[in-house]
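Reviewing the structure listed below.
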Ligand code: MN
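Residue numbers (the working numbering): 19 to 511.
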């Protein structure tokens, strides 16, 4: 099937504020229905909205970080439609003068040659308020919960730059990571604070012409996995439909389809309203917002290092591979900060990366801990790494010491003293252990001489015997040296 998949995402993100976009009720998730409402979010007559400045600043911070162009003058509009979860019969949104336009999101897929299309361009980022939620009971009754009505939402719309379901998923994951680094949203898809719709159609070449299929907007994408699955399903469905009816983009309306997670299919919903159906007009109850250069400059200073910048710094400054840099950055800012501090304190960047990835993160995951409350802080880990580097401990001893540090919360020094962990580098001791191991394993020596077995496996076995004889305390590099010297003597004789 020789066609191009064209995908654009429309993402709604709940901003982390204490109160709603235009009123003072709270925004906590999971409270009993209709306990976070007030006359404004209930849409009662005579109420007036007041803009949440914090929400506007978080939105500005996001747009600045995404390299969007910030409008110096922006206003609010009413998007009119009737639905039971929208008591005012309109949503306050932004239409022709959004607070930002353009922008771009770095696409990590491009970095590993994963078929990405470079940066994903953004069309716009605007602010609006959320609606309530309908709960359909089994008896056929529906109830409405307006806790969510009026919660600040950022709508981020990409250009149709994405070229595969995996590309779309990667873009959404990078967006979530970026928003979390910015601290503007918790981006919990299960709690609805990150919601994604996807527009998709196909460009199909045939007989020197290109046919574009009608655009479909897919709703109800509640997880990263469903984003990828739904788009893959829909691309295939559109191709089969085109083979069947040959309809192209100018012969059919845009269609809205919902993703059915259980059946693994998209189903038709309503025909999509066009902008004219919403009868947008300026919101008369809110003043426009004027954003001056000083404000933008202040916001710019609040934008820290973003995931893309951090990956690059870990590669260039610390010499990590793209893979390692990505693993550390993708775990979130807390983990990246932890590694950063440990790396700076030891100067052993690659070692620090290995210890954080293999040892620290493993325990964090196994014990369901948070890196922020991990019993061994970055400085304590750096101290342990330095001791290994200086030859006080070998790596296995280091692992044992770390395990005890995690359990006891004590320093490496204290654990080493109490447990008698000192690496044995004394050549005479190691030589004695090597000779004993060789004497005790004549079969291994025969195998080496006869060249029957894999020599590396035999050498590894002998090294293991020497380590065992020293209680695991020997310097593995010295063991290797001494053993090799001894073996070449024997093999040459
Ligand atoms: Mn919207």
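Cβ coordinates follow ideal geometry from the N, Cα and C atoms, glycine included.
Buried or exposed (CB count within 10 angstroms, at least 16 for buried), residue i
i           : result
residue 32  : buried
residue 59  : buried
residue 357 : buried
residue 160 : exposed
residue 131 : Reliability fails at residue 131, whose pLDDT of 45 lies under 50, so the model's placement of it is uncertain and no value is given.
residue 144 : buried
residue 349 : buried
residue 148 : buried
residue 391 : exposed
residue 269 : exposed
residue 107 : exposed
residue 319 : exposed
residue 263 : exposed
Assigned secondary structure, residue i (DSSP; H/G/I helix, E/B strand, else coil)
i           : result
residue 36  : coil
residue 189 : helix
residue 146 : strand
residue 22  : strand
residue 375 : helix
residue 233 : coil
residue 94  : coil
residue 183 : helix
residue 329 : helix
residue 285 : strand
residue 211 : coil
residue 160 : strand
residue 273 : strand
residue 44  : strand
residue 133 : Reliability fails at residue 133, whose pLDDT of 47 lies under 50, so the model's placement of it is uncertain and the value that follows must be treated cautiously. In the structure shown, residue 133 sits in coil (DSSP, three-state: anything other than H, G, I, E or B).
residue 109 : strand
residue 472 : coil
residue 479 : helix
residue 76  : helix
residue 301 : coil
residue 321 : coil
residue 170 : strand
residue 176 : strand
Own chain, CB closer than 6 Å to residue i, minus 5 neighbours either side, in chain order
i           : result
residue 253 : 23
residue 113 : 95 and 298
residue 365 : none
residue 138 : 123, 125, 176, 179 and 189
residue 142 : 116, 119 and 175
residue 85  : 121 and 122
residue 77  : 145 and 172
residue 104 : 149
residue 341 : none
residue 406 : 416
Expected contact under 8 Å - CB spacing of residue i and residue j to nearest Å
i           : j           : result
residue 275 : residue 284 : 4 Å
residue 377 : residue 420 : 6 Å
residue 452 : residue 484 : 5 Å
residue 202 : residue 34  : 6 Å
residue 303 : residue 66  : 5 Å
residue 25  : residue 294 : At roughly 26 Å, the Cβ-Cβ gap does not stay under 8 Å, so residue 25 and residue 294 are not in contact.
residue 187 : residue 279 : With 8 Å as the limit, residue 187 and residue 279 do not qualify as a contact, their Cβ atoms being about 15 Å apart.
residue 360 : residue 381 : With 8 Å as the limit, residue 360 and residue 381 do not qualify as a contact, their Cβ atoms being about 15 Å apart.
Under 8 Å between C-beta atoms of residue i and residue j
i           : j           : result
residue 168 : residue 40  : yes
residue 165 : residue 51  : yes
residue 117 : residue 81  : yes
residue 448 : residue 442 : yes
residue 196 : residue 83  : yes
residue 422 : residue 438 : no
residue 30  : residue 171 : yes
residue 75  : residue 317 : yes
residue 326 : residue 415 : no
residue 497 : residue 481 : yes
residue 454 : residue 495 : no
residue 251 : residue 21  : no
Other residues of its chain near residue i: CB distance less than 7 Å, five sequence neighbours each side excluded
i           : result
residue 37  : 43, 44, 45 and 70
residue 339 : none
residue 473 : 466
residue 49  : 165
residue 286 : 273 and 275
residue 308 : 90 and 91
residue 194 : 205 and 212
residue 152 : 102, 103, 160 and 162
Distance cut-off 7 Å: residue i Cβ against heavy atoms of the ligand GTP
i           : result
residue 173 : The ligand GTP is absent from the structure shown, which contains only the ligand MN.
Beta-carbon contacts of residue i that lie in its chain and below 8 Å, excluding the five residues immediately before and after
i           : result
residue 228 : 221 and 222
residue 337 : 367 and 368
residue 198 : 204, 205, 350 and 351
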